[in-house]
Every structure is written in C-alpha cells, then in structure tokens.
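Chemist: Each step along the sequence shown adds one to the number in my numbering, with nothing skipped, and position 107 is 109. Glycine residues also receive a C-beta, built at the ideal position from the N, C-alpha and C atoms.
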Amino acid sequence: MKVVEIVRDARNLEDNTLKEYIKVLKKLKSAEYTDLRVLLLRMAIDTLFHKHIMEAIEKAYEEALDLINEFGYTSEDEVPEDAPRKQIESGLVIIPGLPALTLPFYGVLGSRIPPEEVLDELLSTMKDNVVIPPGEEKKIKETLRKFKEMSEKMKANYEKLETKAVHPIITAVARETRRNEEQHEAVLEKLIS
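Rendered as structure tokens:
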C-alpha cells in the first residue's frame, strides 16, 4: 500500500469517527453525562486535528507529484533524473515540510471564557475518571467499544504510515498521532472494564 493510500484511509477513518463522536455528543445533553461529554469532546477534537493533518499531508503529496511532473521527469529510461518519479510509483516520496501548529498558552480566565482557552484546557488534560450514569451503562459501554475499535483501526493505519513514510515530518506526525490513539484506547478500555 502506498503512503498516500494509507494517509487517505487514515483521513477517511478520522472523518467517520468524528461524525460518530458528534452523533453521540448530540445525544448526551443531560447533566449526568457531563464527565462523559467532556471526555468525548476531547477525543472528538483530537480526531478533528488528526483528520485535518491527514488532509494536509495528502494535499502536500499531491502538490509534490505536480512539482515532479511539472519539472519534466520521465519514466522511460532509468537515469538519475527519473528517481523522484520512480519513488512515487513505488510508494516512496519526500513531502515538503508541513506548517507547525502552535496553540497559545493558557491565559487568565474572565467572566466569559474565550473558545481558544476552552480548547487549551481540553487539550491539556485527558479525563479518565468519568462517571457513567446507572441504567445507561450497557448502551454507553457498547458505544465506547465502537469508539475503541475505530481507534484501534486508526492506530494500525498510523503504524503503517510511520513505517512506510520516508520523510521525517510525516514519520513524526504518524508516530505522535499513533501515540494519541493509544491514549484514547487506554482511556476507553478503562471506561469499558
């Protein structure tokens, strides 16, 4: 499987998982679900970041192909100039650097908390001591199992990407995103058991 195919699979999985998180979050309106809602909101935000990172990598890959094609590489004879095209055809490509994402530091709280600060707070912690309301345990745990399965698939995709990618930025993004999915799995496993 080519790197770009792994990236597309990861993006699609992230997109589907995000939709599932949103669907569940819309149902958890009662105050008794506050802890669970905060946890799932955090995971949905992580998933949103993952999705957009994969979209950026996919776009960079496509632009890298365009650059290679634009500057006249041919695949007729094996000459040094053909190396980039042959790398792409074999699933290996060096992708231009991606912009870094920097979030502002946690600031002073006022009477109304700006969304950026709420986001910072959500991203700085991963709540794992969630109280599941009695009577809904079976249904909620089934939903959490579904999220865990999705997280396992995403982790597997990022492992593939990490081993196949040759560009250090792509490898680092894949490794850190895989670690984030491992965090999700651990928290979900704790809630399910």
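Are the segment 177-189 and the segment 30-40 in contact at 8 Å, needing three or more beta carbon pairs?
Modeler: no
Chemist: Residues in the same chain with beta-carbon distance under 8 Å from ARG13, minus the five sequence neighbours each way, listed in chain order, please.
Modeler: LYS53, MET56, GLU57, GLU60
Chemist: Which first and last residues belong to the alpha helix (DSSP H) in which ASN14 is found?
Modeler: 5-29
Chemist: Given a threshold of 16 other Cβ atoms within 10 Å of its Cβ, counted over all protein chains shown, does ALA33 qualify as buried or as exposed?
Modeler: exposed
Chemist: Do the CB positions of ASN182 and ASP48 come within less than 8 Å of each other?
Modeler: yes
Chemist: With a Cβ-Cβ cutoff of 8 Å, do MET3 and LYS162 count as a contact?
Modeler: yes
Chemist: Run the CB neighbour count on ASP79, radius 10 Å, all protein chains shown included, and call it buried at 16 or more, exposed below.
Modeler: A caution first: ASP79 carries a pLDDT of 49, below 50, which makes its placement in the model unreliable, though a value can still be read off. Of the residues assessed, ASP79 falls on the exposed side of the cut-off, its CB having fewer than 16 other CB atoms within 10 angstroms.
Chemist: Between LEU69, LYS29, GLU64, VAL133, which has its C-alpha nearest VAL9's C-alpha?
Modeler: GLU64
Chemist: Which residues in the same chain as GLU187 place their Cβ atom closer than 8 Å to its Cβ, once the five residues preceding and following it in sequence are excluded?
Modeler: LYS150, SER153, GLU154, LYS157
Chemist: Considering ALA158, what are the terminal residues of the alpha helix (DSSP H) in which it resides?
Modeler: 139-166
Chemist: With distance defined between alpha-carbon atoms, name the residue in LYS143, ASP11, ALA62 nearest to LEU193.
Modeler: LYS143
Chemist: For VAL133, does the count of other Cβ atoms within 10 angstroms reach 16, so buried, or fall short, so exposed?
Modeler: exposed
Chemist: Do GLU164 and THR173 count as a contact pair if the criterion is CB distance below 8 Å?
Modeler: yes
Chemist: Quick check: what's the CA-CA separation for TYR108 versus PHE51?
Modeler: Unreliable placement is indicated for TYR108, whose pLDDT of 37 sits below 50; the coordinate value is still reported in the next sentence. Their Cα atoms are separated by approximately 19 Å.
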